[in-house]
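Numbering of the sequence shown is given in the working numbering, commencing with residue 3 and proceeding in unit increments.
This report concerns only the one structure given below.
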Amino acid sequence: MQHRRIPGTDLEVSLLGFGNFVFGNNWWGDFSDTEAVRLQNRAVDLGVTFFDTAPAYGKGRAENLLGRTIADVGRDRLVISTKFGYPFATAKIEQDREEGKHREREQHWTPKDVRGEVEGSLGRLGTDRIDLYQAHNVKLDAYADDLFATLEALKDEGKIRAWGVALGPAIGWREEGQEALVARGADTVQTVFNLYEQDLGLELCEAATGLGRGGVIARVPTNSGILDEEFASADHKFAPHDHRKYRDRAWLVQGLKKNQILRERFGGPLGMSLRELSTRWLASQPGLVTIEPNLLSDRDLDDFAHACDGVPLEAETLAELRALYLDDFGLGEAAHPCDFKSSVAEGGSLRAGYVEPALAADA
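Below is the structure:
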């Protein structure tokens, strides 16, 4: 397992990260407490040190489960990340989420709220410190000086060691990521980032590399299962609680076409699955510090641990993959990545690939 230091901090994280959001509700299946903790503990045995959770995942369930792994393996072996910004969901909205629906909840960002959430997370995790504290789906209108001053004060007090932002829901929020990383000094930015959704992740990696501090955390690294080769056909029937049933069907139809192109051009010659190819592609990006796939089974753990051994793709392969992406894999407009969500653009979205003047140049 390769480990990487987050530039500008003393945190060293495993290239493979474990996001235990999958245990917060039944979108990814039903996991008993025993099975969830077993998977977490086995990840540690495979060299995973970075664990990412949030109080919003299952009204604290995910944090409590991670607390059991901390107790089992020892606090000093792990780098623990959690998030803040959402109070525990009401029963009604939690019901909606269990049906697989994406629906935003009320958020709170005052210094009092942030401090209250820190104490709650510390208690559920059973620890005296949080290594990385991320603002969960934060938007520009919450970027107040007192929010960032509170985070810096929590660092001074030893309750957190670093802070960042987790962009979402969905892909986008470019301005939030750039503002946090460049102007506010965030240590990490977490975003949707994969072979089929490259633009924002690459931009943030370039910004972090140019600044010489901060790093990018990749979530949804297999394009919601497409690059796991999980789906046999575009007629796939999703389970009732599977949130992916609400995605634009073009994601699945065009994704399967892209998979076939990758298999023909790279799978055979390189001797690797698309899951491994996509993971090694991410690992080859300067500025990327950790990757958080869905780790739902022992096979998932073994596959991703193998792909995170630190061996990058050749420069020629990286160039070919980038060229394919920029050409929409030769499939035309229908295969273009989905639009970015935006808190500043008219209509709330921007065409994927739209690039504003780099804020990093003004830093």
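Ideal placement from N, C-alpha and C gives every residue a C-beta, glycine not left out.
Treat the numbers as computed from the prediction; the structure is a model and nothing was measured.
Taking T281 as the reference, give the member of P57, D230, A317 and Y248 with the closest Cα. Position 279 of the sequence shown, counting from 1, holds the residue named residue 281. Proximity to T281 across P57, D230, A317 and Y248 peaks at D230, based on C-alpha coordinates.
Within 9 Å, strictly: CB atoms of G174 and D341: Walking along the sequence shown from the start, residue 174 turns up at place 172. Walking along the sequence shown from the start, residue 341 turns up at place 339. Yes, the pair counts as a contact, with Cβ atoms nearer than the cut-off.
Would K239 be called buried (16 or more neighbouring beta carbons within 10 Å of its own) or exposed? On the sequence shown, residue 239 is found 237 positions in, with the first residue counted as 1. So K239 counts as exposed.
Leaving aside the five residues before and after V46 along the sequence, list all residues of the same chain whose C-beta is less than 8 Å from its C-beta, in chain order. Translated into the one-based positions of the sequence shown, residue 46 becomes position 44. Closer than 8 Å at Cβ, skipping near neighbours: T71, V75, R79 and L80.
Is the segment 193-212 touching the segment 19-38 in the sense that three or more CB pairs, one from each, lie closer than 8 Å? no
Residues near A151 in its chain [Cβ-Cβ closer than 8 Å; skip 5 each side]: Counted from its first residue, the sequence shown places residue 151 at position 149. Around A151: P113.
According to DSSP, residues forming a beta bridge with L352: Residue mapping note: residue 352 aligns to position 350 of the sequence shown, counting from 1. Listed as beta-bridge partners of L352 by DSSP are F342.
Going by C-alpha to C-alpha distance, which of A317, H308 and L264 sits closest to L326? Numbered from its first residue, the sequence shown carries residue 326 at position 324. Ranking the options by Cα distance to L326, first place goes to L264.
Distance CB(A252)-CB(A337) smaller than 9 Å: Here residue 252 refers to the residue found at position 250 when the sequence shown is read from its first residue. Here residue 337 refers to the residue found at position 335 when the sequence shown is read from its first residue. Contact: yes.
Please state the DSSP three-state secondary structure of A280. Residue numbering aside, residue 280 sits at position 278 when the sequence shown is read from its first letter. The sequence shown places Ser at residue 280, not Ala. It is helical.
Taking the CB atoms as reference points, tell me whether L149 and Q180 lie closer together than 9 Å. Walking along the sequence shown from the start, residue 149 turns up at place 147. Walking along the sequence shown from the start, residue 180 turns up at place 178. No, Cβ-Cβ distance for L149 and Q180 is not below 9 Å.
Using the rule of at least 16 other Cβ atoms within 10 Å of the residue's Cβ for burial, across every protein chain shown, is V218 buried or exposed? The residue labelled residue 218 in the question sits at position 216 within the sequence shown. Around the C-beta of V218, 16 or more other C-beta atoms lie within 10 Å, and the residue is accordingly described as buried.
What does DSSP give as the partner residues of N196 in its beta bridges? Here residue 196 is taken as the residue at index 194 of the sequence shown, counted from 1. For N196, which the question treats as bridged, DSSP gives the partners E199.
Best match in L153, V39, L328 and N139 for proximity to T193 [C-alpha to C-alpha]: As a working mapping, residue 193 is identified with position 191 in the sequence shown. The candidate whose alpha carbon is nearest that of T193 is N139.
Can you give the Cα-Cα distance for T36 and E208, rounded to whole angstroms? Here residue 36 refers to the residue found at position 34 when the sequence shown is read from its first residue. Here residue 208 refers to the residue found at position 206 when the sequence shown is read from its first residue. Each residue's Cα considered, the two are about 41 Å apart.
Applying the criterion that 16 or more other CB atoms from any shown protein chain within 10 Å of the CB defines a buried residue, is R301 buried or exposed? Counted from its first residue, the sequence shown places residue 301 at position 299. With fewer than 16 Cβ atoms within 10 Å of its Cβ, R301 is classed as exposed.
Would you kindly work out how many angstroms separate the C-alpha atoms of G350 and G69, rounded to a whole number? What you label residue 350 is simply residue 348 of the sequence shown in a count that begins at 1. What you label residue 69 is simply residue 67 of the sequence shown in a count that begins at 1. Cα to Cα, G350 sits roughly 38 Å from G69.
Have a look at D158 and P171 and give me their C-alpha separation to the nearest angstrom. Here residue 158 refers to the residue found at position 156 of the sequence shown. Here residue 171 refers to the residue found at position 169 of the sequence shown. If you take the alpha carbons of D158 and P171, they lie about 30 Å apart.
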